[in-house]
Amino acid sequence: MAEQGQQVPEHEAIAALVRETAKNRQGDVLALLKLLRLLESLHQEVRDTYFQEALPENRQALYGLLKDMEAEGGWPYIHRMKLRSLLEKMAEEPFDLEPFE
2 MAEQGQQVPE HEAIAALVRE TAKNRQGDVL ALLKLLRLLE SLHQEVRDTY
52 FQEALPENRQ ALYGLLKDME AEGGWPYIHR MKLRSLLEKM AEEPFDLEPF
102 E
């Protein structure tokens, strides 16, 4: 088990693979969207299956977990881009409105 604040080697490999995959799909909005959906799905799967099973069963252990979470950055969350942000980005850049063929 890794010490507090350190990445597990498998996590580093996963992060590198995700970054490389995103880099290889740079400019392909649909492929990047698919990658984001996969990451969100994996997040839910790990949370709902493995994380919930591993939650502490007593107050003392729960307190320890909460202290660790506070020290290490809180609850993991996947932030979703708001529609407003997307529209603002579109307004900043010229947008080609050619009809579809």
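Quick note on numbering: this note's numbering labels position 23 of the sequence shown as 24, and the sequence is numbered without any gaps.
Backbone N, C-alpha and C define an ideal beta-carbon position, used for all residues, glycine too.
Predicted model only: the values in this text are computed from it and were never measured.
TODO: Quick one: grab the DSSP three-state call for Ile79.
DONE: Annotated three-state conformation of Ile79 is coil, per DSSP.
- [ ] Under 8 Å Cβ to Cβ from Glu41, same chain only, skipping five residues before and after it: list those, please.
- [x] Here the set comprises Ile79.
Open item on the list: For Leu66 and Pro57, which I take to be in contact (beta-carbon distance under 8 Å), what is that distance rounded to the nearest angstrom?
Closed with: About 6 Å separates the two Cβ atoms, so the contact holds.
Open item on the list: Using 8 Å for Cβ pairs, my map puts Arg26 next to Ala32. What's the rounded Cβ distance?
Closed with: About 4 Å separates the beta carbon of Arg26 from that of Ala32, a gap short enough to meet the 8 Å contact definition.
- [ ] Check whether the Cβ atoms of Leu36 and Ala23 sit closer than 8 Å, and answer yes or no.
- [x] The criterion of a C-beta distance shorter than 8 Å is satisfied by Leu36 and Ala23.
TODO: Could you check how far apart the C-beta atoms of Met70 and Trp76 are, in whole angstroms? I think they sit under 8 Å.
DONE: Confirmed, Cβ separation roughly 6 Å.
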